[in-house]
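This report concerns only the one structure given below.
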Amino acid sequence: MCPGTMGKLKEQSMGANKPDVVVPRVLNECQHSQATHPRGIKKLVECRAMDRDGFFKIWIQCMEPLFLVSKREPVVERMLKFAASFTAYWDEAHEDDCEHFVEEYLGLLLKWADASHKSVRFRACQMISEVILKLPEDIPVVDELWDNIISSMQRRMQDKLTSVRVYAARALSRLVITDDIENDRTVTAYRQALDFDQSAEVRKMVVMSMPAMNVTVADMVERTADISEVVRKAAYHILGTKFRIQSLSIMQRALILQRGLAERVPGVRAECVEMLKSNWLERDCEGKMISLLRYLDVETHEKVGENVMLELLKQDLDVAAICSGGLRQFLPSDSAAGDELRTYKILDAESALYWRMLCSHLHTEAEAKGCDAATTGGAEAVVKAAAAADSNDYLESILPPTVADYVRLVEAHVHGGPATRFAARQLLLISKLMNFIDNTSRREAALLLQFLLERSAVSERSLDEVVGDGLSLGGEELWASAVAELAHHVHASPGEFAQVVSASLAQHARPCREGGANIMQWLHCLAMTALLLENIDSLHQLDGQAIEPQEIQDSLLLPAVKHLHPEVQRAGVRCLGIFCGLEKVPSSRGVEQLRLCLSLSDRYYVQEMALRALFDLILQHGATGLDHALGILPDISGVPHPPGPQTSHKFRSADDNSEREQSMILRLPLLELLAGSFDHDDLTREEDEIPLKTCIAAEGFAKVLLQSKRFPEIGVIQDGVLAKLVCLYFSFSTQNFARLRQCLNVFFRSYCSQSVNNKRAISKVFVPVMRKEWPGIYGNREKSGTVLAARKHAADIGRFMLLLLQLPILVKEAQHVGNTTTVAPRDENVIQDGDEAINEGHEELAIRICSEVISLNAKKSMAGKTYIATLCRFIPLLRYRASQHEEIKCLYQILPRYLNIRQQKFIPYHRHYFQISVYSRIFLQERRHC
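Positions 11 to 940 (the numbering used here) are the ones given, in order, by the sequence shown.
The structure is reproduced here in structure tokens:
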């Protein structure tokens with residue numbers, strides 16, 4: 011080949027390796043498939059080594075068009091990923107080129123991240139995040155660059171574009187300073203995003219990016235209650251993969267499982283189950299369920315432990331392996347058959363719960379498969395019958411061989427005292443799986459029941475350490491429930507349970523009737539009384555027994571209510587409430603004592619128990635029936651009685667109350683007596699006592715108001731009670747009482763959806779509630795610094811009540827079609843011709859608002875002006891019916907004065923706005939019906 015030809019080929023090859031040729035060609039190849047990316051990176055590295063400055067210039071020219079594309083197209087995404095992989099590629103042979111290119115390119119991207127063009131900001135943050143995640147750990151990049159990236163991405167986390175905030179959070183995931191994580195700016199920005207960012211995608215990315223450390227675990231646990239399911243799912247994934255169960259506190263473990271296993275979204279619940287089974291059980295506990303339960307403290311979180319066992323037993327497990335040993339391993343060996351109770355091994359709390367749940371699961375599974383086998387036929391029935399037989403065999407291998415062994419095992423745990431009480435209760439719950447058919451077994455079980463009834467659970471404690479009522483240690487009702495279940499199982503024939511328990515009660519009640527019983531004897535006797543009363547259907551079942559109903563009331567319950575010891579009083583009030591609930595007609599003495607305990611007791615927990623009992627009796631007998639028991643006639647005037655002594659904030663003891671005060675309490679209608687039980691001023695007292703009483707009263711009145719058709723006597727105090735419930739729902743003092751907030755939220759929506767009468771009741775309390783909540787008027791306190799917040803709070807209350815008035819009625823109306831009657835739901839989202847006769851109180855509310863505005867004409871303060879402005883904004887939002895001529899005529903007479911006041915106090919814009927909106931709606935509806 012001639013020299014000229016060789017020179018031309020060499021010149022062509024050198025031109026083919028120039029950046030302006032190589033870079034576009036490689037980028038075009040990488041658009042179609044990711045398989046060409048490794049080869050393309052090597053070509054670009056070689057080209058960059060030949061001309062570093064020229065390469066960077068051509069690279070930027072080729073990449074700029076991509077940053078203007080906001081749509082997530084596959085071709086663009088592949089090119090961006092290739093560009094990030096090339097930028098993060100580290101070649102030892104060309105370290106200087108790699109370092110220079112990373113610093114120069116990231117510096118340019120940081121400038122683009124602050125651009126005004128939203129697509130440029132989005133793609134720049136995306137590229138920065140991809141590069142940072144792909145860079146090796148020990149690259150020699152100057153610290154100034156990292157600081158600039160951190161500052162820039164933290165600014166971008168406040169960007170208005172969701173996609174920019176997502177990639178900014180992703181880019182910061184590798185830039186956390188773990189040495190001082192408490193003061194790290196990135197973690198602080200993450201926490202602010204979790205608390206205030208409204209985008210679920212941003213919160214999800216923050217959860218995925220936040221470092222897994224002890225100081226951040228609380229943030230992860232909190233996200234399990236996030237409003238978005240994608241964030242909750244991500245939180246469970248991170249908690250399972252990045253956190254070991256040992257790094258979480260007991261409360262956090264229980265809270266995570268409580269929320270996750272109660273999830274309604276299947277995907278989130280499946281993620282929680284995966285975390286529980288694959289990570290916590292298999293990885294951290296080596297597949298041992300009892301070890302997992304030990305991390306949950308099942309004595310404190312029993313319900314969580316039960317849900318965990320139920321979920322794990324649904325998985326494919328080796329049944330023979332998990333059933334090995336059973337409860338028989340805790341029985342004495344044959345060589346030690348003559349030993350006493352010491353030979354029985356004591357179960358710990360986790361083992362007791364484990365074996366109880368396993369036995370219950372096998373029993374349920376055997377019954378279900380047996381029923382399926384009975385309802386099917388052929389080979390399928392044979393297979394299901396065999397599976398049921400296998401479950402029964404496994405259950406028999408776990409349970410003690412005889413009832414006598416079971417009884418001795420339970421007694422050994424009962425003798426162990428409070429330390430083994432949880433395990434003893436779990437063993438008692440297994441009694442329903444034991445066979446008590448033969449007389450010998452029933453005799454053994456009956457002796458165990460008698461032993462449990464006669465033994466006081468706290469008899470070994472001193473009288474100064476009383477924390478319960480005998481059978482229910484520390485107020486725990488689960489033990490009494492377990493004893494009752496055993497009693498029902500042993501004495502299953504009709505009337506046998508009442509006969510056995512009443513005989514034992516008569517024996518224990520003798521010291522209380524004769525006098526001289528100590529506190530423990532009183533508490534144990536009342537615990538047995540509650541056990542008896544809670545498990546019978548009527549007091550007639552006690553007729554002819556060892557102790558009859560009248561004797562229980564006269565010799566036990568009424569003296570206990572008047573006892574000096576507060577624990578005896580509380581237990582006595584509880585039993586008296588149950589006793590009155592079993593009566594067909596409430597007795598005067600029982601109702602009288604409950605009313606006196608509510609009003610005159612100086613113990614808040616006694617008042618709370620009496621309050622619960624009275625509301626339960628109202629729902630059963632009605633307030634009028636309870637008043638009739640005391641000879642109180644209904645007030646037909648509709649004027650409420652003056653408040654009685656119960657509204658006083660200082661409760662006096664019974665010794666200091668005169669007969670006159672007691673007679674006033676007994677003459678006051680019951681509903682008015684209860685209405686004084688949740689005064690808002692009580693919320694300023696101790697949080698452990700008064701708010702609980704307030705919550706009980708609020709929930710009780712909510713139930714009564716929802717059934718106002720059954721209890722028409724509530725109409726006398728309905729307006730005042732509704733106003734208090736609205737204020738209580740929005741009160742800052744109840745923001746930590748989630749149960750009360752949830753109860754009132756459901757109540758208001760259900761109440762206003764029942765009938766138009768309920769809506770009119772809400773419209774009546776609208777103005778009084780706004781008047782009470784608005785700061786600076788009618789004597790309301792106005793604190794500097796919180797005035798704007800208080801005004802916004804009151805305005806929110808008004809908007810909430812207006813929303814209630816706009817809810818559709820969900821009652822059902824009968825429709826007659828021929829000789830049949832069908833029931834169809836009403837839908838009142840829109841005004842229909844037939845709806846003109848329905849009065850929901852909108853016109854009356856408009857008149858009340860206008861009257862309130864006119865009455866405040868003389869108020870020249872800023873509080874009065876803002877109050878008027880807020881009220882006026884609600885008038886155009888109401889619904890006016892053109893067929894109601896009287897109300898419209900009244901509005902015609904009031905509106906000119908109302909609009910004149912608006913013109914005097916505010917800018918003319920408001921005057922014209924309200925004039926046009928109100929008058930136009932009335933005139934349009936009049937014309938529609940002409």
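For each residue, glycine too, the CB sits at the ideal point set by N, CA and C.
Item	Value
Span separating the alpha-carbon of ARG452 from that of ARG523	32 Å
DSSP state of CYS57 mapped onto helix, strand, coil	helix
Rounded straight-line distance, which links the Cα of LEU881 to that of ILE864	11 Å
Residue nearest to ARG613 in terms of C-alpha spacing, selected from GLY635, VAL578, GLU593 and HIS631	VAL578
Rounded C-alpha distance that separates ALA537 from LEU814	45 Å
C-alpha distance - LEU754 paired with PHE711, whole-angstrom precision	10 Å
For PHE884, the three-state DSSP class (helix, strand or coil)	helix
Inside the region 82-158 only - alpha helix (DSSP H) runs reaching at least 4 residues	84-98, 105-123 and 128-144
8 Å Cβ shell around SER288 - same chain, five flanking residues per side excluded	GLY250
First and last residue of the uninterrupted alpha helix (DSSP H) at GLU284	276-284
Beta-carbon gap between GLN555 and GLN517 smaller than 8 Å	no
Reduced DSSP category for MET215 - H, G, I as helix; E, B as strand; rest coil	helix
Same chain only: Cβ atoms within 6 Å of PRO146, ignoring 5 sequence neighbours per side	TRP100
Length of the line joining the Cα atoms of ASN317 and GLN603	42 Å
Three-state secondary structure assigned by DSSP to HIS311	coil
CA-to-CA distance, ALA359 to GLY388, given in whole angstroms	44 Å
Where the alpha helix (DSSP H) through LEU606 begins and ends	598-610
SER209 to VAL241 span [Cα, whole Å]	10 Å
ILE944, DSSP secondary structure in three states	No answer is possible for residue 944: the residues shown for the chain start at 11 and end at 940.
Beta-carbon spacing of ALA93, ILE142 below 8 Å	no
Any alpha helix (DSSP H) of 4 or more consecutive residues that is wholly inside the region 848-878	852-865
Sequence-distant residues of the same chain with beta carbon closer than 7 Å to HIS373, five excluded per side	LEU405 and LEU443
Local Cβ density within 10 Å of GLU618, reported as buried at 16 or more and exposed below that	buried
Completely contained alpha helix (DSSP H) runs for the region 203-248, where each covers 4 or more residues	210-219 and 227-233
Reduced DSSP secondary structure (H/G/I, E/B, other) of ILE356	coil
N- and C-terminal bounds of the alpha helix (DSSP H) containing ARG891	Taken as a continuous stretch (DSSP letters only), ARG891 belongs to no alpha helix (DSSP H), as it is neither H nor E.
Inter-stretch contact (C-beta, 8 Å, three-pair minimum) for the region 70-89 and the region 117-130	yes
Neighbourhood of ILE546 by C-beta, 6 Å cutoff - its chain only, sequence neighbours within 5 removed	ALA508
MET319, buried or exposed, once every other Cβ within 10 Å from all chains shown has been counted against 16	buried
Secondary structure of LYS252, DSSP reduced to three states	coil
C-beta contact flag for VAL212 and VAL186 at 8 Å	no
Short Cβ contact (8 Å threshold) for VAL278 with TYR246	yes
Cβ-Cβ separation, LEU265 to VAL231 (assumed contact under 8 Å), whole Å	6 Å
Entirely enclosed beta strand (DSSP E) segments - the region 544-603, minimum 3 residues	none
Assigned exposure category for THR234 - 16 Cβ within 10 Å defines buried	buried
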